[in-house]
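Visitor: Can you read through this structure? Questions will come right after.
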Amino acid sequence: MVGLEKVDLKAIKLEKGYVGEGVQEENRRKAQQAEVRKSGTQSKRQESEETRNLNALSTGQSNSIVLEHGQPPVDDSGISFASTICPAPLCRQFWKAGNYDDGLNSETTLQNGKSYLHVHPMFLHSNATSHKWAFGAIAELIDNAVDEIQNGATFVIVDKTLNPRDQSPALLIQDNGGGMDPEAIRRCMSFGFSDKKSKAAIGQYGNGFKTSTMRLGADVIVFSCHLGDRVMTQSIGLLSYTFLTQTGHDRIVVPMVDYELNTITGNMEIAHRYDKEYFMSNLSMLLQWSPYSTEAELLKQFDDIGSHGTKVIIYNLWFSDDGNVELDFDTDPEDIRIGGDVKKVQANPAWRTVNEQHIANRLHYSLRAYLSILYLKIPETFTIVLRGQFVEHRNLVLDLKFQEFIVYRPQTGGCKEAEVLTTIGFLKEAPHVTAHGFNIYHKNRLILPFWPVVSYADSRGRGVVGVLEANFVEPTHNKQDFERTSLFQKLEGRLKEMTWEYWDYHCGLIGYQVKKKLPPIEPPQDSSPDMPNSGIMKPVTLNHGMPNGGKTKPVTLNHGMPNGDKTKPVTLNQNHHSVSVKAASAAGLSSKRKEHGDLNKFERMKRQAGARADAHNLEIQSLSTANQLMDKETMNLIQENKKLHAKFLEHEKRREDLDLKVRQLRRELGDVQQEYDRLMVELTSLDTVKEEEHVRT
1 MVGLEKVDLK AIKLEKGYVG EGVQEENRRK AQQAEVRKSG TQSKRQESEE TRNLNALSTG
61 QSNSIVLEHG QPPVDDSGIS FASTICPAPL CRQFWKAGNY DDGLNSETTL QNGKSYLHVH
121 PMFLHSNATS HKWAFGAIAE LIDNAVDEIQ NGATFVIVDK TLNPRDQSPA LLIQDNGGGM
181 DPEAIRRCMS FGFSDKKSKA AIGQYGNGFK TSTMRLGADV IVFSCHLGDR VMTQSIGLLS
241 YTFLTQTGHD RIVVPMVDYE LNTITGNMEI AHRYDKEYFM SNLSMLLQWS PYSTEAELLK
301 QFDDIGSHGT KVIIYNLWFS DDGNVELDFD TDPEDIRIGG DVKKVQANPA WRTVNEQHIA
361 NRLHYSLRAY LSILYLKIPE TFTIVLRGQF VEHRNLVLDL KFQEFIVYRP QTGGCKEAEV
421 LTTIGFLKEA PHVTAHGFNI YHKNRLILPF WPVVSYADSR GRGVVGVLEA NFVEPTHNKQ
481 DFERTSLFQK LEGRLKEMTW EYWDYHCGLI GYQVKKKLPP IEPPQDSSPD MPNSGIMKPV
541 TLNHGMPNGG KTKPVTLNHG MPNGDKTKPV TLNQNHHSVS VKAASAAGLS SKRKEHGDLN
601 KFERMKRQAG ARADAHNLEI QSLSTANQLM DKETMNLIQE NKKLHAKFLE HEKRREDLDL
661 KVRQLRRELG DVQQEYDRLM VELTSLDTVK EEEHVRT
């Protein structure tokens with residue numbers, strides 16, 4: 001399985017039965033463990049003598065980690081564990097919860113000459129360590145809901161709920177997608193199955209649900225409704241690290257129950273796929289170890305799901321090192337935060353607040369901030385609801401000023417892999433913010449937020465941010481990084497070049513000394529170094545991706561300009577930002593004036609010449625970029641015009657057809673009306689004849 005290199009080898013053992021273990025053996029195992037602990041000896045475990053056909057594994061129909069047999073019920077009317085408190089895991093800190101001892105030796109055994117692999121509970125914890133960041137685990141569960149958009153999902157809810165047994169906080173994630181039938185939920189809670197065949201689907205390994213839920217809490221219960229083939233089903237599954245550790249299991253056991261709608265009575269009944277003994281055994285395990293102590297409480301969880309959808313409740317949430325729940329529900333009632341992850345930004349005191357409140361910093365501890373940029377695009381029909389409030393989608397491209405668009409065409413072996421459009425620019429708050437880097441998406445999903453490809457010195461690269469969607473490279477299975485392939489390394493190198501190039505040519509736009517300049521052009525004939533106001537330049541408008549050319553007051557930045565020089569602002573319209581820079585703020589200007597008259601005159605001439613060259617360079621550069629954008633926009637408008645014209649012709653033809661049909665119907669209606677009038681006359685005459693005959697008789 002991809003990305004499981006760190007898994008402890010002790011988590012995979014051989015067993016003589018099949019991967020699944022029956023609840024039927026539960027009491028025997030517990031009694032045996034008690035005997036072993038009492039006597040201090042080790043004994044072999046009793047195994048179910050039933051073995052599964054290996055072909056079931058290849059067809060995907062096996063219940064590899066699902067209970068196969070149930071303990072006979074004590075009372076057929078139902079089972080309740082109202083007085084049982086669901087124990088918390090032995091250690092509530094995630095990074096220390098991997099120390100697990102099942103109490104008995106698990107030996108490699110053979111049955112009928114065959115041996116089988118099973119999954120040790122330790123694997124649940126080892127597998128979840130791939131998520132270093134709790135929000136990355138939550139994002140995986142949101143991905144499952146987003147993938148359900150194709151099945152009609154219109155929302156996903158992320159909220160706090162309470163464990164009714166001890167009132168401790170739990171995490172709720174619910175969507176109204178297609179839901180899972182009994183087979184699908186078993187594949188979801190098993191290892192190595194993936195139903196996501198669509199190229200647009202975010203998930204691919206079938207491992208995300210287990211890694212993400214076990215990273216957030218020790219236990220998870222899943223409720224899912226599915227309506228298909230005129231059959232409505234309700235399924236419940238429990239994946240509990242607490243249950244497995246405290247009962248000393250040496251394999252993963254997942255209690256599950258299923259209900260089907262009886263179309264005659266209209267009631268949900270036990271699914272016919274298993275006998276009642278199996279059902280009651282699994283139900284008893286659910287009631288003992290889940291947050292709900294009665295079957296009625298379990299079924300009540302389906303009330304707000306409807307006929308289709310899935311509800312995931314993660315409880316016994318992990319603690320941080322300070323002894324508090326890792327997910328902070330209290331600081332902001334409309335958000336979920338990671339306690340202790342608020343970082344102080346090293347910046348000028350006057351700029352510290354804007355840096356700390358910038359999304360590049362807030363996304364690390366605010367789930368609302370992270371979810372707002374998690375997807376590059378999101379359908380208008382789908383919403384993410386966090387703590388009862390909609391999450392407003394944020395397009396990071398709109399946060400940039402002085403935008404440029406760069407097409408990157410990665411190649412391997414001389415063959416072009418893809419064509420990627422990268423948007424690069426300065427953050428709106430630049431130069432006051434220190435954030436920089438690229439936001440790289442994969443199949444619409446954010447993988448690397450504000451990834452710093454350069455380590456800037458002397459502020460080189462400060463505030464430079466880019467946005468791109470790189471579908472030609474593969475993300476790691478936790479979706480928080482990319483596989484370090486040669487293609488990705490080439491991308492990293494190209495993004496570094498983009499950052500340096502953009503900064504060196506455009507840093508003057510935010511008040512820094514320009515590093516590089518475009519080739520100079522001849523100065524205009526009407527300006528002379530001897531003119532007193534030769535440093536005055538007319539405003540030059542730059543449109544870099546500016547929709548309407550927003551208007552703001554010009555701000556004059558004085559960088560080394562003598563007070564005597566007069567300049568008019570150079571207005572730069574990019575994404576509703578206008579900045580006025582001194583035309584004489586070019587590289588090479590002296591910040592000190594010479595005391596002698598000749599030197600003063602010489603320096604003034606140098607400054608004026610530099611001002612003219614820089615202003616014209618800026619104008620040429622802006623016009624070039626504007627022309628490129630206009631060419632692209634023109635092509636788009638032409639294509640759109642062709643589409644609209646084709647639609648117009650289609651509608652015109654339909655209108656003519658409808659007019660013809662209306663005329664035909666009117667003619668037919670006239671014929672029918674005439675026939676109706678004739679029949680009415682005939683009927684009247686017949687009535688007259690009948691009356692005359694009646695009078696005669």
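Position 441 of the sequence shown, counted from 1, bears residue number 441 in the UniProt record's numbering, the numbering being contiguous throughout. Think of the CB as a built atom: it goes at the ideal place given N, C-alpha and C, for glycine as much as any other residue. All figures in this text were calculated on a predicted structure; none of them were measured in a lab.
Which word fits R337, buried or exposed, when buried means at least 16 other C-beta atoms lie within 10 angstroms of its C-beta?
Guide: buried
Visitor: Is it true that the region 408-419 meets the region 376-392, where meeting means three or more beta-carbon pairs spaced less than 8 Å apart?
Guide: no
Visitor: Please report the distance separating the alpha-carbon of K300 from that of V325.
Guide: 27 Å
Visitor: Specify the secondary structure class of S591 as computed by DSSP and reduced to three states.
Guide: For S591, the predicted structure reports a pLDDT of 37, less than 50, and the residue's modelled location is therefore unreliable. A value from the coordinates is still provided. S591 falls in the coil class under three-state DSSP.
Visitor: Does the region 461-473 come into contact with the region 493-506, if we say contact requires no fewer than three beta-carbon pairs (one atom in each stretch) closer than 8 Å?
Guide: yes
Visitor: Roughly how many angstroms separate the alpha carbons of L427 and W451, rounded to a whole number?
Guide: 14 Å
Visitor: The alpha helix (DSSP H) that contains S126, what's its start and end?
Guide: Where S126 is concerned, the enclosing alpha helix (DSSP H) stretches over M122 to A128.
Visitor: Determine the closest residue to L396 out of Y370, Q639 and T381, with distance taken between C-alpha atoms.
Guide: Y370
Visitor: Can at least three beta-carbon pairs, one atom from the region 141-157 and one from the region 176-187, be found at a separation below 8 Å?
Guide: yes
Visitor: For C507 and A128, what's the separation of their Cα atoms in angstroms?
Guide: 43 Å
Visitor: If contacts are defined as beta-carbon pairs under 8 Å, then D335 and L367 qualify, I think. What distance do you get, rounded to the angstrom?
Guide: 6 Å
Visitor: With DSSP as the reference, please indicate the residues paired to T412 in a beta bridge.
Guide: C415
Visitor: Please list, in chain order, all residues of the same chain as L491 whose beta carbon is under 7 Å from its beta carbon, the five residues on each side excluded.
Guide: P410, A470 and V473
Visitor: Rounding to the nearest angstrom, what Cα-Cα distance links Y292 and I313 in this structure?
Guide: Annotation: Y292 to I313 spans about 11 Å, alpha carbon to alpha carbon.
Visitor: Considering Cα atoms alone, identify which of V407, V467 and K443 is closest to V453.
Guide: V467
Visitor: What is the DSSP secondary structure of Q150, counted as helix, strand or coil?
Guide: helix
Visitor: Count the other C-beta atoms from every protein chain shown that fall within 10 angstroms of the C-beta of I510, then say buried if there are 16 or more, exposed otherwise.
Guide: buried
Visitor: Under a Cβ-count criterion, where at least 16 other Cβ atoms within 10 Å of its own Cβ denotes burial, should S685 be classed as buried or exposed?
Guide: exposed
Visitor: By alpha-carbon positions, which one of I406, T434, V514 and K443 ends up nearest to L495?
Guide: I406
Visitor: Are three or more beta carbon pairs between the region 272-288 and the region 254-264 nearer than 8 Å?
Guide: yes
Visitor: So what's K479 in DSSP terms, helix, strand or just coil?
Guide: coil
Visitor: For a minimum of 4 consecutive residues, which ranges assigned as the alpha helix (DSSP H) are wholly contained in the region 305-357?
Guide: Every alpha helix (DSSP H) stretch that sits fully inside the region 305-357 and reaches 4 residues is listed by chain position as 352-356.
Visitor: Taking only runs of the beta strand (DSSP E) that begin and end inside the UniProt domain "Morc S5" (365-503), which ones reach a length of at least 3 residues, in chain order?
Guide: Fully enclosed beta strand (DSSP E) runs of 3 or longer: 383-386, 400-408, 420-427, 437-442, 445-451 and 464-469.
Visitor: Alpha carbon to alpha carbon, what distance is there between S212 and H477?
Guide: 11 Å
Visitor: Could you check the C-alpha separation between G237 and T161 for me, to the nearest Å?
Guide: 18 Å
Visitor: Comparing alpha-carbon positions, which option in N144, A218, H432 and D659 lies nearest N355?
Guide: H432
Visitor: Using CA atoms only, rank isn't needed, just tell me which of R165, H125 and G323 is closest to L287.
Guide: R165
Visitor: Taking the alpha-carbon positions, what's the S290 to M232 distance?
Guide: 24 Å
Visitor: To the nearest angstrom, report how far apart D328 and Q639 are at their CA atoms.
Guide: 50 Å
Visitor: I'd like to confirm the pairing. Which residues does DSSP put opposite C225 in its beta bridges?
Guide: Q234 and G309
Visitor: Any idea what DSSP makes of Y505, helix, strand or coil?
Guide: helix
Visitor: Chain B beta carbons: is any one of them nearer than 8 Å to that of F402?
Guide: Absent here is chain B; the protein component of the structure consists of one chain.
Visitor: Please classify Q234: is it buried, with 16 or more other beta-carbons within 10 angstroms of its beta-carbon, or exposed?
Guide: buried
Visitor: Whole angstroms are fine: how far does the CA of N262 sit from the CA of E269?
Guide: 7 Å
Visitor: At 4 residues or longer, what runs of the alpha helix (DSSP H) sit wholly inside the region 239-274?
Guide: 241-246
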